[in-house]
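Residue numbers (this note's numbering): 546 to 980. Okay, structure first, notes after.
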């Protein structure tokens, strides 16, 4: 083995790695069948796609089942709101066990009747409308929950993808360090290089082995976080399929901001407004007293046991309580909806602006590394190895140039990680509601 062979090996590894990483795409979480044949062979037929990970998380999350139960409970409230008040049957016995003419049961009177509350001001319809509006809020809660789960799983999935790429880079570095150490040992044995260069090469191997172990721990931690969305036990070994790559076309901020109104966080306020309108209508209707009617018969035990019918009507007299306090509260809550919507939209706009600026910054850094630093680091390593072959440089210079190249590649991965995090945040903030 000679330095020229090492140079060719570095070039092959360099092209292999960046052909996988640099694509003119946005954050792309491809199913396995959509991967290029080369990537599919590397990840294997059982590689986990983002769609599969999300489905597992949705199936295992108890909050979705809880929301289903709450929806059933809300359906029960709608059913209950449609019902009329029950009639009341009652009896009354009087004028017995007294004194004088009312001694014993001689003056006994027995009244048997039924009463019914007649709701006024369309209270039943308004009550049903309120229950139905509150039922729709449960659906919106589910939509927001699904969006949060999707965002969390996407972020964890991207972390695994990047950790997977970093581990691959560390393995390449370790393999190259081992080959370089073997070549250095051969040169030392042939008395063509000093012993100290072999020591430095061996130190480089140990450093790369440590870096690989650290990458393995980070990779295992990222997989554990992802697997925790669907299992409480230690996750089995798996790999993920997909790519995290740059999008050359940056969307305008105004285009992204326009999507905020269609997100679940903002669109749900239409349902909130309908619910509070229904609540205000019901409170206004409750200001109108209901009417209670009564009808029955009365039996008189005295004389020959006479009987008679009776009817009655009762209407509350709203002298003091006109439900004005509840109406005031409902009206204020309805007015607050607009401000709540504005506040939420403002918070989303601020978060979107932060993520957008982070995306631009990370993309600019990644582009600069790709177009400027990578080429310079590659040329430096090539020139250093050629000089080493001619005896102009020592092995230390080659190791330094190689280390510089790998540092640039690591910097690119870090920029890609920040880009992916910002892009995931943008997608989460602008995710359209599906209701």
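Built from N, CA and C at the ideal position, the CB exists for glycine as well.
DSSP links residue 663 through a beta bridge to 836. Closest in alpha carbon position to residue 941, among 722, 782, 954 and 865, is 722.
For residue 599, the enclosing alpha helix (DSSP H) stretches over residues 595-605.
Looking only at 937, 978, 944 and 922, the smallest Cα-Cα distance to residue 954 is reached by 922.
Unbroken alpha helix (DSSP H) stretches of 4 residues or longer found wholly inside the segment 900-951: 919-934, given in chain order. For residue 716, the uninterrupted alpha helix (DSSP H) segment begins and ends at 668-734. Just so you know, the alpha carbons of residue 674 and residue 642 end up roughly 53 Å apart.
Judged by DSSP in its simplified three-state form, residue 831 adopts helix. Taking one beta carbon from each stretch, the segment 597-613 and the segment 692-710 have 3 or more pairs nearer than 8 Å; the two touch. Here the alpha carbon of residue 616 sits roughly 14 Å from the alpha carbon of residue 607. For a cut-off of 8 Å, the C-beta gap from residue 663 to residue 838 is around 7 Å, short enough to register as a contact. Put simply, the segment 703-715 touches the segment 754-765. At least three CB pairs are less than 8 Å apart. Distances from the alpha-carbon of residue 751 to those of 975, 667 and 718 put 718 closest. When DSSP reads this structure, residue 859 sits in a beta bridge with 837.
Contact annotation: residue 914 and residue 956 have beta-carbon atoms nearer than 8 Å.
Per DSSP, the unbroken beta strand (DSSP E) holding residue 633 starts and ends at 633-639. DSSP places residue 613 in the helix class (H, G or I) of the three-state scheme. The C-alpha of residue 753 lies about 51 Å from the C-alpha of residue 812.
Each of 624, 650 and 887 was checked against the Cα of residue 815, and the nearest Cα belongs to 887. Residue 790 is not a Cβ neighbour of residue 688, given a cutoff of 8 Å. Taking the Cα of residue 834 as reference, the smallest distance to any Cα among 826, 860 and 849 is reached at 860. Selection 829, 893 and 908 evaluated against residue 876 yields 829 as nearest (Cα-Cα). DSSP links residue 808 through a beta bridge to 977. In the structure shown, the three-state DSSP call for residue 851 is strand. Scanning 649, 668 and 796 for the CA closest to the CA of residue 629 turns up 668. Counting the other Cβ atoms within 10 Å of the Cβ of residue 858 gives fewer than 16, which makes it exposed.
Secondary structure at residue 655: strand, using DSSP grouped into helix, strand and coil. Taken through DSSP and simplified to helix, strand or coil, residue 788 comes out as strand. Of the candidates 647, 677, 638 and 665, 638 places its Cα closest to the Cα of residue 658. For residue 845, the pairing in a beta bridge is given by DSSP as 654 and 851.
Residue state for residue 644 is assigned as coil, using DSSP reduced to three classes.
Between the alpha carbons of residue 967 and residue 683 lies a distance of about 30 Å. Residue 593 is positioned such that its CB atom lies closer than 8 Å to that of residue 784. Beta-carbon to beta-carbon, residue 895 and residue 802 are separated by about 11 Å, too far to satisfy the 8 Å threshold. Residue state for residue 649 is assigned as coil, using DSSP reduced to three classes.
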